[in-house]
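Written out below as structure tokens is the structure these notes cover.
There are 2 protein chains.
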Amino acid sequence: MNEREKIVLDEEEIPKEWYNILADLPTPLKPYIHPGTKEPVKAEDLAPIFPMELIKQEMSTEKWIPIPEEVRDVYRLWRPTPLYRAKRLEEKLKTPAKIYYKWEGVSPPGSHKPNTAVAQAYYNMKEGVERIATETGAGQWGSALAFGTCLFDLECTVYMVKISYEQKPYRRVLIETWGAEVFPSPTDRTNSGRKVLEKDPECTGSLGIAISEAVEDAATHEGTKYALGSVLNHVLLHQTVVGLELKKQFEQIDVYPDYIFGCVGGGSNFAGQCYPFVGDKLRGEKPDLQVISCEPMACPTLTKGLYTYDFGDIAMLTPLLPMYTLGHDFVPPPIHAGGLRYHGDAPSLCKLTHEGYMGAVAYHQNEVFEAASLFARTEGFVIAPETAHCVKAAIDEALRCKETGEEKVIFFANSGHGHFDLGAYDAYHAGKLIDYEYPAELVKQALANLPKV
Amino acid sequence: MNEREKIVLDEEEIPKEWYNILADLPTPLKPYIHPGTKEPVKAEDLAPIFPMELIKQEMSTEKWIPIPEEVRDVYRLWRPTPLYRAKRLEEKLKTPAKIYYKWEGVSPPGSHKPNTAVAQAYYNMKEGVERIATETGAGQWGSALAFGTCLFDLECTVYMVKISYEQKPYRRVLIETWGAEVFPSPTDRTNSGRKVLEKDPECTGSLGIAISEAVEDAATHEGTKYALGSVLNHVLLHQTVVGLELKKQFEQIDVYPDYIFGCVGGGSNFAGQCYPFVGDKLRGEKPDLQVISCEPMACPTLTKGLYTYDFGDIAMLTPLLPMYTLGHDFVPPPIHAGGLRYHGDAPSLCKLTHEGYMGAVAYHQNEVFEAASLFARTEGFVIAPETAHCVKAAIDEALRCKETGEEKVIFFANSGHGHFDLGAYDAYHAGKLIDYEYPAELVKQALANLPKV
Numbered sequence: 003m004n005e006r007e008k009i010v011l012d013e014e015e016i017p018k019e020w021y022n023i024l025a026d027l028p029t030p031l032k033p034y035i036h037p038g039t040k041e042p043v044k045a046e047d048l049a050p051i052f053p054m055e056l057i058k059q060e061m062s063t064e065k066w067i068p069i070p071e072e073v074r075d076v077y078r079l080w081r082p083t084p085l086y087r088a089k090r091l092e093e094k095l096k097t098p099a100k101i102y103y104k105w106e107g108v109s110p111p112g113s114h115k116p117n118t119a120v121a122q123a124y125y126n127m128k129e130g131v132e133r134i135a136t137e138t139g140a141g142q143w144g145s146a147l148a149f150g151t152c153l154f155d156l157e158c159t160v161y162m163v164k165i166s167y168e169q170k171p172y173r174r175v176l177i178e179t180w181g182a183e184v185f186p187s188p189t190d191r192t193n194s195g196r197k198v199l200e201k202d203p204e205c206t207g208s209l210g211i212a213i214s215e216a217v218e219d220a221a222t223h224e225g226t227k228y229a230l231g232s233v234l235n236h237v238l239l240h241q242t243v244v245g246l247e248l249k250k251q252f253e254q255i256d257v258y259p260d261y262i263f264g265c266v267g268g269g270s271n272f273a274g275q276c277y278p279f280v281g282d283k284l285r286g287e288k289p290d291l292q293v294i295s296c297e298p299m300a301c302p303t304l305t306k307g308l309y310t311y312d313f314g315d316i317a318m319l320t321p322l323l324p325m326y327t328l329g330h331d332f333v334p335p336p337i338h339a340g341g342l343r344y345h346g347d348a349p350s351l352c353k354l355t356h357e358g359y360m361g362a363v364a365y366h367q368n369e370v371f372e373a374a375s376l377f378a379r380t381e382g383f384v385i386a387p388e389t390a391h392c393v394k395a396a397i398d399e400a401l402r403c404k405e406t407g408e409e410k411v412i413f414f415a416n417s418g419h420g421h422f423d424l425g426a427y428d429a430y431h432a433g434k435l436i437d438y439e440y441p442a443e444l445v446k447q448a449l450a451n452l453p454k455v
Numbered sequence: 003m004n005e006r007e008k009i010v011l012d013e014e015e016i017p018k019e020w021y022n023i024l025a026d027l028p029t030p031l032k033p034y035i036h037p038g039t040k041e042p043v044k045a046e047d048l049a050p051i052f053p054m055e056l057i058k059q060e061m062s063t064e065k066w067i068p069i070p071e072e073v074r075d076v077y078r079l080w081r082p083t084p085l086y087r088a089k090r091l092e093e094k095l096k097t098p099a100k101i102y103y104k105w106e107g108v109s110p111p112g113s114h115k116p117n118t119a120v121a122q123a124y125y126n127m128k129e130g131v132e133r134i135a136t137e138t139g140a141g142q143w144g145s146a147l148a149f150g151t152c153l154f155d156l157e158c159t160v161y162m163v164k165i166s167y168e169q170k171p172y173r174r175v176l177i178e179t180w181g182a183e184v185f186p187s188p189t190d191r192t193n194s195g196r197k198v199l200e201k202d203p204e205c206t207g208s209l210g211i212a213i214s215e216a217v218e219d220a221a222t223h224e225g226t227k228y229a230l231g232s233v234l235n236h237v238l239l240h241q242t243v244v245g246l247e248l249k250k251q252f253e254q255i256d257v258y259p260d261y262i263f264g265c266v267g268g269g270s271n272f273a274g275q276c277y278p279f280v281g282d283k284l285r286g287e288k289p290d291l292q293v294i295s296c297e298p299m300a301c302p303t304l305t306k307g308l309y310t311y312d313f314g315d316i317a318m319l320t321p322l323l324p325m326y327t328l329g330h331d332f333v334p335p336p337i338h339a340g341g342l343r344y345h346g347d348a349p350s351l352c353k354l355t356h357e358g359y360m361g362a363v364a365y366h367q368n369e370v371f372e373a374a375s376l377f378a379r380t381e382g383f384v385i386a387p388e389t390a391h392c393v394k395a396a397i398d399e400a401l402r403c404k405e406t407g408e409e410k411v412i413f414f415a416n417s418g419h420g421h422f423d424l425g426a427y428d429a430y431h432a433g434k435l436i437d438y439e440y441p442a443e444l445v446k447q448a449l450a451n452l453p454k455v
């Protein structure tokens, strides 16, 4: 009998609780700071835009938070996701290392995003919310939320950065297929949007503007709330369903990873996959485990940013978050990993990185696409450019093991497919991708302007 | 405990043999006829373009044909595929019927096509073939073969209908990502292509021209063979891995379907899913089982075509096949279900339909996309326009059961995702899809020109 290609769990093994790493942190996470009062944010400050259960989860230090049966029931549509042994990639690399990946591309929207979109839609529905407003860049989050809200009969309004709306119509169509409405941002539906359009009618939008529009929409409409796809604690919490499944799968084959790699944009994908293992490390059980965030050289938040307080958006309307940041007015170069272009990262992930429990590396996009191509030609799946960052890291580590003869166990978080990113693959094949390195000068300037807290 | 959302088999339960329905036919399939001699085609006639093992399979009447371990090993990348109970769709329809579907969209190319692409690549590799040439319309088959050949280190050349190459670049990029070369057909690489270009330099191509180019490429190059993605017996044979898994899955929950629906272009997808059940019917074990092919009104091969001998291609180079046909010079209207636009169908499926063991229905594309939308908003997955034809049939039957109160078991073959078809969904949302009904007049004319055998 051959060794298994993939480890598949039964539906009944979908975790019944999410894991909250805040319970295991050596020291508490610093509070979010109110942008007006400069005082720690309180639950009531968030109530206009989030349902109460999500605010509770955001602030909770309970270790285990029950997953509602209705949410588990939707998870069954694609969960548990398979854990793969990348045998063909290992053979190609001639490495003694063992490479594993967990494949989130089987979800209807094609990534890890629905793990939290479904939960957020559910809690909003439970509290009588009728509509959710959100923003989306390239459309990964917007499509996941459209999927989640349609299953709980909620309306959904997506503010999609105009340049993506026009240049990447497929995710816009996906959002519409699940019944949500989507507008190219800036729009004339909000004060924030109108203000931008007055100054510059041709403005092609930005994630910062779209966030402002979605938050304003939620705050000014009865029955409407706002939803965020990464960065915040409750979002990371929901994603731990992935890492908890992964732990069971590794236990089933009696394996524990030496290296865990994942790509980091806001951090929710990687936190979801690695936190149950980082918890082992925090409790002193796995001191040698290496947990490495992978990011683009063009947006090197963890590798070149400063660990401090900063706003989540360019308009300085969000709470100040304790995190690594490139400055809230950071303008990312036009790389193809659209999900990795955020100026900050999740506070818990930043704290763990700052304190040395997690590491970080940065890559150029050509080497990242080279890794994605090798992966496609060995393991078959065509993955998202974001995900490809950690495939690059896994391959590098496997090649190092080949030099030293070490039989390490390498895991990477295979967070989504690249079916809507083939334009980027095409540009890579044609040699048209430019490797941007974000200039240290600009980082310094941006950081000089940060608010004092 | 909830009833299972999906029935998932262990990797070890991937079938070890394909099922050959030719062994169970009440009377033998009529022979293919050589286009020149008008005599039955012999193995040596096919030797220039196919490897010997595939020719043997094409002509075999052995009931079970072993699946090589190397092929099963690749199948493990995505097989066994899940069998779903469409609970959310049932609830939405308020039907007492139970609806099931088997989801082939989890394969790397996103459809059932790699089940045969991998097998064909393997047998070619075993016989020392170095390169495979093939044609592709919208790119489903070309991308599946590119995937299959890259895993067995074969070169692959794809002649892609020029209008698709230019208008639907994503599947072209997919083919290239797996390392195959792809040319917009007609090309100047073959006599067939050059002949067409001389007459019409602006020709946007057709599947017929692309077939001629690929066959000529294979026949005129040492070490190169040709591969076909549907219609022929060996292709259908390989697809039975799906139906055999399905049988095990239904047995596991002690269910046997009353209705089996699938879309039919060349017939390999549906034959693969239904033949193990049709075998039960042929042996008299399940006389009441209804097996229904679903096709477009715009290409109504089974519902309006004639059962006779016809060529597989417009250039009249292929053998004459005994099948339902709209005439080999049939020019399909530009509907979005690109995979269902072939003028003929697989000989075995046509024979079974002609003799009443299988039925057929035809739909307009707007009602088909309406079904696909309802499916997306209940079950989550965004499916291929081809596949949506049988979802329409399943929904209609479920609604009929609602009227009568019957608790029938309805199954449909969910053959692939629609991630590269979102342009068609967009056109549907915008009310821009035209419902073509192929004129009876044209069918009559075309059929008047058929060769006498």
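Taken in order, these protein sequences are the chains called A and B.
One rule links them: number in the numbering used here = place in the first sequence (from 1) + 2.
One rule links them: number in the numbering used here = place in the second sequence (from 1) + 2.
Here a beta-carbon is modelled for each residue, glycine too, at the ideal position from N, C-alpha and C.
Keep in mind it's a predicted model, so treat the numbers as computed, not measured.
Taken in chain order, the members of the segment 170-183 of chain B whose beta-carbon sits within less than 9 Å of a beta-carbon on chain A are Pro171, Tyr172, Arg173, Arg174, Val175, Leu176, Glu178, Thr179, Trp180, Gly181.
Looking at the DSSP output, His419/A bridges to Ile385/A. Assignment of Asp282/B by DSSP, reduced to helix, strand and coil, places it in the helix class. Residues of chain B whose Cβ lies closer than 7 Å to the Cβ of Lys18/A do not exist, since the nearest Cβ in that chain is about 12 Å away.
Interface annotation for the segment 149-166 of chain A against chain B: Phe149, Cys152, Leu153, criterion Cβ-Cβ distance under 9 Å. Residue state for Pro349/B is assigned as helix, using DSSP reduced to three classes. For Ser375/A, the chain B residues whose C-beta falls within less than 7 Å of its own C-beta are Thr179, listed in chain order. Cα atoms of Met127/A and Glu7/B: separation of roughly 22 Å, rounded to the nearest angstrom.
DSSP places Arg196/A in no beta strand (DSSP E) but in the uninterrupted alpha helix (DSSP H) bounded by 193-201. Of all residues in the segment 365-390 of chain A, the ones placed with a Cβ closer than 9 Å to any Cβ belonging to chain B are Ala374, Ser375, Ala378, Arg379, Thr380, Glu381, Gly382, Phe383, Val384, in chain order. For the segment 390-422 of chain A, the residues whose beta carbon sits under 9 Å from a beta carbon of chain B are, in order, His419, Gly420, His421, Phe422. For chain A, the residues of the segment 424-441 of chain B that bring a beta carbon within less than 7 Å of one of its beta carbons are Leu424, Tyr427, Asp428, His431, in chain order.
By alpha-carbon distance to Leu95/B, the top candidate from Lys164/B, Leu376/B, Asp315/B is Leu376/B. When beta bridges are read from the DSSP output, Ile262/B appears opposite Val293/B, Phe413/B. Under the Cβ criterion of 8 Å, Arg78/A is counted among the residues facing chain B.
Our two residues, Ser270/A and Ser350/A, have alpha carbons roughly 10 Å apart in a direct line. Here the alpha carbons of Ser187/A and Asn193/A stand approximately 12 Å from one another. In the same chain as Val43/B, and ignoring 5 residues on each side of it, the C-beta atoms closer than 7 Å to its own belong to Pro33, Tyr34, Ile35, His36, Pro321, in chain order.
Selection Gly329/B, Tyr365/B, Ile436/B evaluated against Glu443/B yields Gly329/B as nearest (Cα-Cα). Chain-ordered, the chain A residues with CB closer than 8 Å to the CB of Val108/B read Val108. For the 8 Å CB-CB criterion, Ile397/B and Ala373/B form a contact. At a C-beta separation below 7 Å, Val10/B has these neighbours in chain A: Val10.
For the 8 Å CB-CB criterion, Ile337/B and Ala395/B do not form a contact. Annotation for Gly38/B: no beta strand (DSSP E) segment contains it, and DSSP assigns it neither H nor E. In this structure, the straight-line span from the alpha carbon of Gly274/A to that of Gly245/A is close to 6 Å. Taken in chain order, the complete beta strand (DSSP E) segments of 3 or more residues contained in the segment 161-228 of chain B are 183-187, 226-228.
If the five residues before and after Leu354/B are omitted, its C-beta is found closer than 6 Å to the C-beta atoms of Met360, all from its own chain and listed in chain order. In the displayed model, Ile67/A falls within a strand according to three-state DSSP. Secondary structure at Cys301/A: coil, using DSSP grouped into helix, strand and coil. Here the alpha carbons of Phe185/A and Thr327/A stand approximately 29 Å from one another. Judged by DSSP in its simplified three-state form, Phe313/A adopts strand. Within chain A, the C-beta atoms nearer than 9 Å to that of Arg6/B come from Asp12, Glu13, Glu14, Arg78, in chain order. In the three-state DSSP reduction, Glu405/A falls in the helix class (H, G or I). Taking a cut-off of 8 Å for Cβ pairs, the segment 415-431 of chain A and the segment 103-112 of chain A touch, as three or more such pairs fall below it.
In this structure, Tyr258/A lies away from Leu424/B, with their beta-carbon atoms at least 8 Å apart.
Considering only Glu13/B, Pro28/B, Ser208/B, Glu15/B, the residue with the shortest C-alpha distance to Gly358/B is Pro28/B.
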